[in-house]
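Take 1 as the starting number for the sequence shown in the UniProt record's numbering and just add one per residue. Idealized CB from N, CA, C, for every residue including glycine. Down below is the structure, laid out as structure tokens.
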Amino acid sequence: MSNHLPAFMSKSFSDSHLVAAAREAMVARGFEPDYPKPALQELQSELASPPPQSDLPGTQDLRHLLWSSIDNDTSRDLDQIEQAERLPDSRVRVRVGIADVTRLVPLNSALDRHAQHNTTSVYTGVATFMMLPEQLSAGLTSLLENQDRSALIIEFTVNEHECVEESKVYPALVNNRAQLTYRAVGAWLEGKAQAEGKLANPDLQEQLRLQHEIAERLRRERARHGALNLDMEESTPVIEDGHVVDLLPVRKNPASELIEDFMIAANGVVARFLSAHKFSSIRRVVRTPKRWNRIVDLAATLGTKLPGEPDAKALNEFLCEQRSKDPTHFPDLSLAVVKLMGPGEYVAEQPNDPPIGHFGLAVEDYTHSTAPNRRYTDLVTQRLLKAILQSQASPYSEAALAAIAARCTLMGDAERKLERDMHKKIAAVVMSSRIGQQFNAVVTGVNSYGTFVRTLAPHVDGMLVQGQKGLDVGDRLHVKLIRTDLYRGFIDFARA
Numbered sequence: 001m002s003n004h005l006p007a008f009m010s011k012s013f014s015d016s017h018l019v020a021a022a023r024e025a026m027v028a029r030g031f032e033p034d035y036p037k038p039a040l041q042e043l044q045s046e047l048a049s050p051p052p053q054s055d056l057p058g059t060q061d062l063r064h065l066l067w068s069s070i071d072n073d074t075s076r077d078l079d080q081i082e083q084a085e086r087l088p089d090s091r092v093r094v095r096v097g098i099a100d101v102t103r104l105v106p107l108n109s110a111l112d113r114h115a116q117h118n119t120t121s122v123y124t125g126v127a128t129f130m131m132l133p134e135q136l137s138a139g140l141t142s143l144l145e146n147q148d149r150s151a152l153i154i155e156f157t158v159n160e161h162e163c164v165e166e167s168k169v170y171p172a173l174v175n176n177r178a179q180l181t182y183r184a185v186g187a188w189l190e191g192k193a194q195a196e197g198k199l200a201n202p203d204l205q206e207q208l209r210l211q212h213e214i215a216e217r218l219r220r221e222r223a224r225h226g227a228l229n230l231d232m233e234e235s236t237p238v239i240e241d242g243h244v245v246d247l248l249p250v251r252k253n254p255a256s257e258l259i260e261d262f263m264i265a266a267n268g269v270v271a272r273f274l275s276a277h278k279f280s281s282i283r284r285v286v287r288t289p290k291r292w293n294r295i296v297d298l299a300a301t302l303g304t305k306l307p308g309e310p311d312a313k314a315l316n317e318f319l320c321e322q323r324s325k326d327p328t329h330f331p332d333l334s335l336a337v338v339k340l341m342g343p344g345e346y347v348a349e350q351p352n353d354p355p356i357g358h359f360g361l362a363v364e365d366y367t368h369s370t371a372p373n374r375r376y377t378d379l380v381t382q383r384l385l386k387a388i389l390q391s392q393a394s395p396y397s398e399a400a401l402a403a404i405a406a407r408c409t410l411m412g413d414a415e416r417k418l419e420r421d422m423h424k425k426i427a428a429v430v431m432s433s434r435i436g437q438q439f440n441a442v443v444t445g446v447n448s449y450g451t452f453v454r455t456l457a458p459h460v461d462g463m464l465v466q467g468q469k470g471l472d473v474g475d476r477l478h479v480k481l482i483r484t485d486l487y488r489g490f491i492d493f494a495r496a
């Protein structure tokens, strides 16, 4: 096949072929792209006669509070909403409302079995494969604007020392008063955009400023314990008239950081809540980096000496310094450190087990609980919380939790590979007209298969097929694009 495809062939591939490739990739990676017939039959039954909004005793009515959500521009599978208030003693109470999904997805139902098989929603850039049917995840179990919904409230207080205290979990009725986006809220918080539309509401502005303030305080407290200051710059495809035409960078902003900080705090509250009630649970862990020596070498090339043994606090101090000194290349450094740390995993943890912890977040107690529409671990955690709230025994044996944790780790790895493969195919379409051009790049992987790099503008992953000798993860270089394979998503570079 020619490397220089005619424009009409490139556009044809970017339309129907990419969507077909996404489905094929789902099957190849072990996912079920379609819901089985029994699950669809259950769905129709749920839609015809959904159960009452809340099936939990002690449910509070919090619909009067000024709840809001912040998510991507196109998101409708809204898992969480937030609200905060100042207390008289300089403390702040934060409430995070999590969509009640298990009410409509019973344990061992066909819907549940399909969710347990896939374990996650998969976002390919050209097609989205939801873990739960859209009628639920973007409908009855989504915290949509101006809709009464049942939720589990994760409440915690942040004191004047920036520490989380007095946390609890309870059921409530809620109503999302403002469905907001990262883009709009982030630009407003940075002072780059005027408050328009929903943001013109003074009460909502006050609420968001308070949430932003608390998020920054939570982030500072984590940083003191060594939480890593990373900035992973990703990219998203630009699709016009059904055709992929470009890749644009997506970076953190104050709004996305706000949600990240609140979710980390909420997940810590849930983990401690489960432990306090002697419930085994599934934890999200990142173990001590196996390639710490390479991280030390990487820091040394930038003038910093790290300890010989893994030290999250020292690593974070180095990252903060580099972010200040060289913000342009900081995303590249972040990517290298993440690659060298290795992937996270799910483990089943019993109450008396020594915690493995999350090296990147510098926390010992961490689970996933805040996205039950999108992640199966969160659905499982929600069932555990409901059992506690109803004074019932755990619905899962320790063996069952261990099996689910292993499955979620396996499929999470498959999801990352699938989304990476689809990003490569999309990138190959975008880059097919740029053969011969040169780019700044960073080495992202070196193994028996070859040396891999990521270009910086746009963010594109490919293989270095010429001039790779002596390179390792984190090295920066100039590369020349020499070949693209649209059908396999291969992008080959030579050292320039």
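For residue 459, the nearest candidate out of 248, 122 and 104 (CA to CA): Comparing Cα-Cα distances from residue 459 to each of 248, 122 and 104, the minimum goes to 248.
Residue(s) in a DSSP beta bridge with residue 61: Answer is 173, bridged to residue 61.
Of the listed residues 262, 481, 336 and 39, nearest to residue 471 (C-alpha basis): Comparing Cα-Cα distances from residue 471 to each of 262, 481, 336 and 39, the minimum goes to 336.
Exposure label - residue 49; buried when at least 16 CB within 10 Å: Burial call: exposed.
Under the three-state DSSP convention, the category residue 14 falls into: For residue 14, the predicted model reports a pLDDT of 47, less than 50, meaning its position is unreliable; a value from the coordinates is still stated below. It is helical.
Sequence-distant residues of its chain with Cβ nearer than 6 Å to residue 210 (five each side left out): Excluding residues within five positions, the ones whose Cβ falls inside 6 Å are 84.
According to DSSP, residues forming a beta bridge with residue 445: Within the DSSP secondary-structure output, residue 445 pairs in a beta bridge with 452.
Beta-carbon gap between residue 255 and residue 191 smaller than 9 Å: Annotated as distal: residue 255 and residue 191, with beta-carbon spacing of 9 Å or more.
Inter-residue CB distance, residue 141 and residue 419 (contact presumed, cutoff 8 Å): About 23 Å; that fails the 8 Å criterion.
Limits of the unbroken alpha helix (DSSP H) element including residue 331: Taken as a continuous stretch (DSSP letters only), the alpha helix (DSSP H) holding residue 331 covers 330-341.
Rounded distance between the beta-carbons of residue 227 and residue 316, thought under 8 Å: About 6 Å; that satisfies the 8 Å criterion.
First and last residue of the uninterrupted beta strand (DSSP E) at residue 236: Start and end: 234-240.
Where the alpha helix (DSSP H) containing residue 424 begins and where it ends: For residue 424, the enclosing alpha helix (DSSP H) starts and ends at 398-431.
Straight-line Cα distance separating residue 319 from residue 469: Approximately 27 Å, taken between the alpha carbons.
Residue 295, enclosing alpha helix (DSSP H) - first and last residue: Run containing residue 295: 292-301, per the alpha helix (DSSP H) assignment.
Whole beta strand (DSSP E) elements within the stretch 195-266, 3-residue minimum: Segments of the beta strand (DSSP E) lying fully in the stretch 195-266: 234-240 and 243-250.
Through-space distance from residue 307 to residue 443, alpha-carbon basis: Taking the straight line joining both Cα atoms gives about 24 Å.
Given 8 Å, three or more beta-carbon pairs between the stretch 420-438 and the stretch 293-307: Three or more Cβ pairs closer than 8 Å define a contact, and the stretch 420-438 falls short of that threshold against the stretch 293-307.
CA-to-CA distance, residue 101 to residue 17, given in whole angstroms: Approximately 34 Å, taken between the alpha carbons.
7 Å Cβ shell around residue 81 - same chain, five flanking residues per side excluded: For residue 81, where only same-chain residues beyond five positions count, the Cβ hits under 7 Å are 67, 68, 69, 97, 143, 174 and 176.
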